[in-house]
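Protein chains in written order, with numbering that gives the first Met the number 0: chain A, 0 to 316; chain B, 0 to 268; chain C, 0 to 519. Just so it is clear, CB atoms sit at the ideal spot from N, CA and C, and this is done for glycine as well. None of these values were measured; they are calculated from a predicted model.
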Amino acid sequence: MKYIFKRIGLLLITMILVSFLTFLAFEIVSGDPVRNMLGTDASPAQIEALRQELGLDKPFLSRYVSWLLGFFSGDLGRSFSYKQPVWELISSKLVITLALSLISFALIILVSIPLGVFSYQWVGGPLDGVRTAFNQLCMAVPPFFTGILLSWTFGVILKVFTPGDFPGFAKDPGGSFVHLFFAAICLSIPRIAMTVRMMRSTIVDEMNKAYVRTAISRGNNRWSVLTRHVLKNSLVLVVTFLGQTLAELVAASIVVEQVLGIPGLGRFLVASISHRDYPVVQAIVVILAFWVVLAGTISDIVNRRIDPRLRLGGEDE
Amino acid sequence: MKKRMNGYLLAGLIITCTILVVALIGTFWTPYSPTAMQYGKFQAPTLAHLFGTDHFGRDIFSRVLKGTGTTLFIALLTVGIGAVVGTFIGAVTGYFGGVVDDVLMRFNDALTAFPSILLALLIISLLGPGKKYNVILALGIVFIPSFARVTRTAFASLRDTNYVTSARLMGAGNARILLVHLLPNVLRVLLPAFTIGFNNAVLAEASMSFLGIGVTPPDASLGYMLSEAQGMLKAGPWYAIFTGLTIVLLVFGVGLLGEGMQAAEKGVE
Amino acid sequence: MNKRIFLAWTLSVMLGAFLLSGCANTAAGNAGSADTAAEAAAEKTERAKANEAVVGIAQDFDSLDPHHMTAAGTKEILFNIYEGLMKPNAAGEIVPAVASECEKSEDGKTYTFTLRDGVTFHNGEAVTAEDVVYSINRRRDGKDTAAQLEALSVIDEVQGEGNTVTITLKEASNEFLAHVMNAYIIPADYAELETKPVGTGPFKFVSRAVQDEMVLERFDEYWGEAPGLSKVTFKILENAEGLILGLQSGALDLVAHLSSDQIVQLEEGDFEIEEGSMNLVQALYLNNAVKPFDDVRVRQALSYAIDKQAVIDLAFDGYGIPLGTSMFPSFEKYYDASLTDYYPHDVEKAKELLAEAGYPDGFSMSITVPSNYTPHVNTATVLVEQLKEAGITATVEPVDWGTWLEEVYGNRQFESTITGLTSDNMTARKLLERFGSEVGNNFTNYNNADYDAILAEALQETDDAKQTELYKALEKNLTENAANVYLQDMADLVAVRKGLSGLTFYPIYVLDVSALHWAE
Numbered sequence: 000m001k002y003i004f005k006r007i008g009l010l011l012i013t014m015i016l017v018s019f020l021t022f023l024a025f026e027i028v029s030g031d032p033v034r035n036m037l038g039t040d041a042s043p044a045q046i047e048a049l050r051q052e053l054g055l056d057k058p059f060l061s062r063y064v065s066w067l068l069g070f071f072s073g074d075l076g077r078s079f080s081y082k083q084p085v086w087e088l089i090s091s092k093l094v095i096t097l098a099l100s101l102i103s104f105a106l107i108i109l110v111s112i113p114l115g116v117f118s119y120q121w122v123g124g125p126l127d128g129v130r131t132a133f134n135q136l137c138m139a140v141p142p143f144f145t146g147i148l149l150s151w152t153f154g155v156i157l158k159v160f161t162p163g164d165f166p167g168f169a170k171d172p173g174g175s176f177v178h179l180f181f182a183a184i185c186l187s188i189p190r191i192a193m194t195v196r197m198m199r200s201t202i203v204d205e206m207n208k209a210y211v212r213t214a215i216s217r218g219n220n221r222w223s224v225l226t227r228h229v230l231k232n233s234l235v236l237v238v239t240f241l242g243q244t245l246a247e248l249v250a251a252s253i254v255v256e257q258v259l260g261i262p263g264l265g266r267f268l269v270a271s272i273s274h275r276d277y278p279v280v281q282a283i284v285v286i287l288a289f290w291v292v293l294a295g296t297i298s299d300i301v302n303r304r305i306d307p308r309l310r311l312g313g314e315d316e
Numbered sequence: 000m001k002k003r004m005n006g007y008l009l010a011g012l013i014i015t016c017t018i019l020v021v022a023l024i025g026t027f028w029t030p031y032s033p034t035a036m037q038y039g040k041f042q043a044p045t046l047a048h049l050f051g052t053d054h055f056g057r058d059i060f061s062r063v064l065k066g067t068g069t070t071l072f073i074a075l076l077t078v079g080i081g082a083v084v085g086t087f088i089g090a091v092t093g094y095f096g097g098v099v100d101d102v103l104m105r106f107n108d109a110l111t112a113f114p115s116i117l118l119a120l121l122i123i124s125l126l127g128p129g130k131k132y133n134v135i136l137a138l139g140i141v142f143i144p145s146f147a148r149v150t151r152t153a154f155a156s157l158r159d160t161n162y163v164t165s166a167r168l169m170g171a172g173n174a175r176i177l178l179v180h181l182l183p184n185v186l187r188v189l190l191p192a193f194t195i196g197f198n199n200a201v202l203a204e205a206s207m208s209f210l211g212i213g214v215t216p217p218d219a220s221l222g223y224m225l226s227e228a229q230g231m232l233k234a235g236p237w238y239a240i241f242t243g244l245t246i247v248l249l250v251f252g253v254g255l256l257g258e259g260m261q262a263a264e265k266g267v268e
Numbered sequence: 000m001n002k003r004i005f006l007a008w009t010l011s012v013m014l015g016a017f018l019l020s021g022c023a024n025t026a027a028g029n030a031g032s033a034d035t036a037a038e039a040a041a042e043k044t045e046r047a048k049a050n051e052a053v054v055g056i057a058q059d060f061d062s063l064d065p066h067h068m069t070a071a072g073t074k075e076i077l078f079n080i081y082e083g084l085m086k087p088n089a090a091g092e093i094v095p096a097v098a099s100e101c102e103k104s105e106d107g108k109t110y111t112f113t114l115r116d117g118v119t120f121h122n123g124e125a126v127t128a129e130d131v132v133y134s135i136n137r138r139r140d141g142k143d144t145a146a147q148l149e150a151l152s153v154i155d156e157v158q159g160e161g162n163t164v165t166i167t168l169k170e171a172s173n174e175f176l177a178h179v180m181n182a183y184i185i186p187a188d189y190a191e192l193e194t195k196p197v198g199t200g201p202f203k204f205v206s207r208a209v210q211d212e213m214v215l216e217r218f219d220e221y222w223g224e225a226p227g228l229s230k231v232t233f234k235i236l237e238n239a240e241g242l243i244l245g246l247q248s249g250a251l252d253l254v255a256h257l258s259s260d261q262i263v264q265l266e267e268g269d270f271e272i273e274e275g276s277m278n279l280v281q282a283l284y285l286n287n288a289v290k291p292f293d294d295v296r297v298r299q300a301l302s303y304a305i306d307k308q309a310v311i312d313l314a315f316d317g318y319g320i321p322l323g324t325s326m327f328p329s330f331e332k333y334y335d336a337s338l339t340d341y342y343p344h345d346v347e348k349a350k351e352l353l354a355e356a357g358y359p360d361g362f363s364m365s366i367t368v369p370s371n372y373t374p375h376v377n378t379a380t381v382l383v384e385q386l387k388e389a390g391i392t393a394t395v396e397p398v399d400w401g402t403w404l405e406e407v408y409g410n411r412q413f414e415s416t417i418t419g420l421t422s423d424n425m426t427a428r429k430l431l432e433r434f435g436s437e438v439g440n441n442f443t444n445y446n447n448a449d450y451d452a453i454l455a456e457a458l459q460e461t462d463d464a465k466q467t468e469l470y471k472a473l474e475k476n477l478t479e480n481a482a483n484v485y486l487q488d489m490a491d492l493v494a495v496r497k498g499l500s501g502l503t504f505y506p507i508y509v510l511d512v513s514a515l516h517w518a519e
């Protein structure tokens, strides 16, 4: 339990650091939200007045502290451009991005774990080299290139879905799912390949260990050793890896959302950065960062449950 | 066993070297000027224009030649910055530990948690946008945390080994131990990280260009070209396909190389 | 052994199941394809039957408050919801809207507007003189700084009584009516414009989802001609490819401002392509304060080095009208076509001028472009090639819009940039006033004493004919001194689904959907 508290403490520190860095970032970055709102015809007096109205004239630290206090009381502030509460704006987009990440994650697990175990059977076989090469090839495909190809074949030619016209869950849940499914394919192909490769090498390493050799030499057959002991022991690394993958998926979806026109957090983030809508950017960054850190924390905690050895180690890593 | 292991290495070397040579040629000579706009819009691939022409009537083959060089250049330097600075941070935190370690690692965590696009955009804005070197610097900084993490673990695990203790007993200073005794060992961890990092750099640069904050148009990288091509799938699908495939081939080659090196090492052991 | 066989079976079943599910997915996908395709076709006829249309737009609205909106793309669409006392028509005239009559006093300082009978807001309330006074004051009294309109500071007093509103000016102004159009009439003290806009226009607001869509409905009590469509949805698709795919799949009926590259992607037969003009002055704007652009010979050399027609041909497939000064043909009265070819394409002449100016070997320059405007980026790409021939090494620096506004437009930290300048009211003044040396938004730092003198005279002049002459003199001054390299008025290509007609082009940047209707 103590460990869990420690992890949560670290998580909080990281989050505060992230939010501070984002805040600082916009302090330094060129581009003025007020000028963006008032456009090209604004007079200096207008710019100054609006700056005061938005509280942008206050010192940096006091703005940060008031944002932080607001955040902890559940208030993410109001969007500069949309003049609406940030949470109202991003909640529906958060759902879409989360759905996309989870679909991709499910796809990765469903495909890569059986394939990983299966590919071990090929180790040393004639097809092993071909498989490895194919695996590397899958890793080399950038998600947005897959996105372009899929939107061309399935969007333009076969018209299965309309890239750029995401129907929305409320209107058409089935269509929305199909749309997200294509995006998930783009996101998961390289990651499935990575997971398979990682599982294969972990299993190979584990199978070469003394206890496995002993077990096999005692007449236990390889398959039962593999499933009873090896898989369990290699799970630690796999869970860590999947945790990392889950974290990366959200960030990686930014580009895919752009290619396939999915109105998720990523697309909103890119638009808000270019409009210098700081409250929105701040909120999205903190949410994305929270996701990344949380995935890491959870996979660490799960690992300790799986592998008691880690609990004795005491150290973090 | 060992022979096939080297098959990856061989295949990787062949692909990567071919691309390197092609990119090198592309920097100095291309069949047509990669920016000249006089070959007719959206010409399908022919013998004269192997990859066809684009929306300005530029020769795509020449552009791919040139763009590969740009992409390679950016990716190599990016990973270089990430590896050097990351290893330095990894050494300091892993070897000395303590407060420095805690503080730097929290920053590392925070940087990792940042959406890389935001981080890159920030750095580019700070340096002034549009310049090729700023893109490199921005991406390089984005790549520091992952290298720092990998090397830190390596340094930390080596710190308490017998030979480090004995070197210390013999009066070797920290700098000497780090540079002479530990670094060569850490390089072995670094090599696979470098190939993975290189591939991530190619993809990251492509994504950045895709979102419009990458390299400038006349110097077009493969990523920028691909983002241009996206809008022209119907009129000239060859633009997207050939640039996309070049990226895939580039990353594939280096991936095989990494696989081969790892396999070779295992074979030796 | 049994176990082993069992495991092998389990695994193959798992794999099989996966493969099957994959197939099932594809099958489902394919079935879905037939469905969606059929649906799209059905939807199309259904939309026509229901008298509805979906319009694709490339960017979200920056504000739904008509006094706060600044983006051209927002003004363009909200034109259908809001009206001023007067409004523009397609012929470029200023016609009465919420007012039915407008009388100008002898000295030109007092305007008396008679409110039109039976004009109601979308919330059902009648428009009163109080609402009008409130709306005009909101744009000028400074209580709401963001709403303040510089041009309306000429107003001294606004009075409302019964059904007339009287506006007194500090000094006579020829352009007053054009500016008062922008004081869109809203209900007095109405605070929910951002979320529930209320105006008097032909369409009323129904709903909006940020970054997704806005739905408008026909306003049945509209005072003017009833709109042809009963419902119009504006779908926001920031990805240019998305707009085209939306048209192809049948999700969209109309998209404006397409590029010629995009038009090529559309199937022939399904759409009519209408060509209007964007009514903007696209130019390579030069920072006249930095070297080497402070030398008129260098600017002239650039003008000779650049081949406008080639830019239009290469980057715009020939769509677009070449320009030679800061004015476009839609402003017929002010437009001077003879300036267009003042600098014919002549590389030798350009080199001579450069040599004279002390740059026999050319020089290096940067062109800063907002990366989200593909036409400007494409133009820059072509210009780099053309300038190369004259020995000038140009590099393109794409920046995001926020940076462009701040650094280029605000701080004037740039060498050259490509953008399109527009006039959002019907006056030529806006396109010319900005080059006065003392003017706040003169981001090109153009500094010419003659120009300032003519400008001051033009702004004072109350006789329309004389003022027009002075404006033309300003245009000529810009051309002769090669203030910037003027390129073109970009073409506005609109794809409209067959059967939908009534699209009208305005001399300003608006998309009027009220005249659209489906064929019987």
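Residue state for K230(C) is assigned as strand, using DSSP reduced to three classes. In chain order, T380, V383, E384 and K387 make up the part of chain C whose C-beta sits under 9 Å from the C-beta of T34(B).
Inter-segment contact for the stretch 3–19 of chain A and the stretch 98–116 of chain B is present: three or more beta-carbon pairs are separated by less than 8 Å.
If you look at T244(A), you'll find it in the alpha helix (DSSP H) that goes L230 to L259. Taking 8 Å as the threshold, the shortest C-beta distance from W151(A) to chain B falls below it. R77(A) is bridged by DSSP to P84(A). Excluding residues up to 5 positions away in sequence, G252, L255, L256 and G259 lie with their Cβ nearer than 6 Å to the Cβ of G11(B) in the same chain.
Per the coordinates, the alpha-carbon of V493(C) lies some 58 Å from the alpha-carbon of R151(B). For the stretch 259–282 of chain C, the residues whose beta carbon sits under 8 Å from a beta carbon of chain B are, in order, D260, Q261, V263 and Q264. Under the three-state reduction of DSSP, F27(B) is assigned to helix.
For I246(B), a Cβ of chain A is located within less than 8 Å of the residue's own Cβ. The beta carbon of F25(A) lies closer than 6 Å to those of Y277 in the same chain, with the five residues before and after it left out. In this structure, the alpha-carbon of K40(B) lies about 18 Å from that of A219(B). 8 Å or more divides the Cβ of I184(C) from the Cβ of L192(C). Judged by their CB atoms, A182(C) and G107(C) are not nearer to each other than the 8 Å cut-off. Measuring C-alpha to C-alpha distances from V122(A) to each of A214(A), N207(A) and G295(A) identifies N207(A) as the nearest. In terms of Cα proximity to F204(C), the closest of P196(C), D211(C) and F78(C) is P196(C).
With respect to chain B, the C-beta atom of L313(C) has a partner C-beta closer than 8 Å. G139(B) and L178(B) do not touch by the CB rule: their CB atoms are close to 22 Å apart, not below 8 Å.
Below the 8 Å Cβ cutoff, chain A contributes T161 and D164 as neighbours of A250(C), in chain order. With 16 or more other Cβ atoms inside 10 Å of its own Cβ, P141(A) counts as buried. The residue among N444(C), E437(C) and Q412(C) with its C-alpha nearest the C-alpha of D451(C) is E437(C). Here E264(B) is not bridged, per DSSP, to any residue.
With the rule of 3 Cβ pairs closer than 8 Å, the stretch 318–325 of chain C counts as touching the stretch 474–492 of chain C.
Under the DSSP assignment, K86(C) falls in the beta strand (DSSP E) whose first and last residues are M85 to P87.
Runs of the beta strand (DSSP E) lying entirely within the stretch 104–175 of chain B and spanning at least 3 residues: none are present.
Of M425(C), L386(C) and A518(C), the smallest CA-CA separation from V509(C) is found for M425(C).
In terms of beta-carbon proximity, A203(B) stays away from the interface with chain C, with every pair separated by 8 Å or more.
Counting only residues of its own chain and dropping the five nearest sequence neighbours on each side, I93(C) has a CB closer than 8 Å to the CB of M85, K86, P87, L176, A177, M180 and M425.
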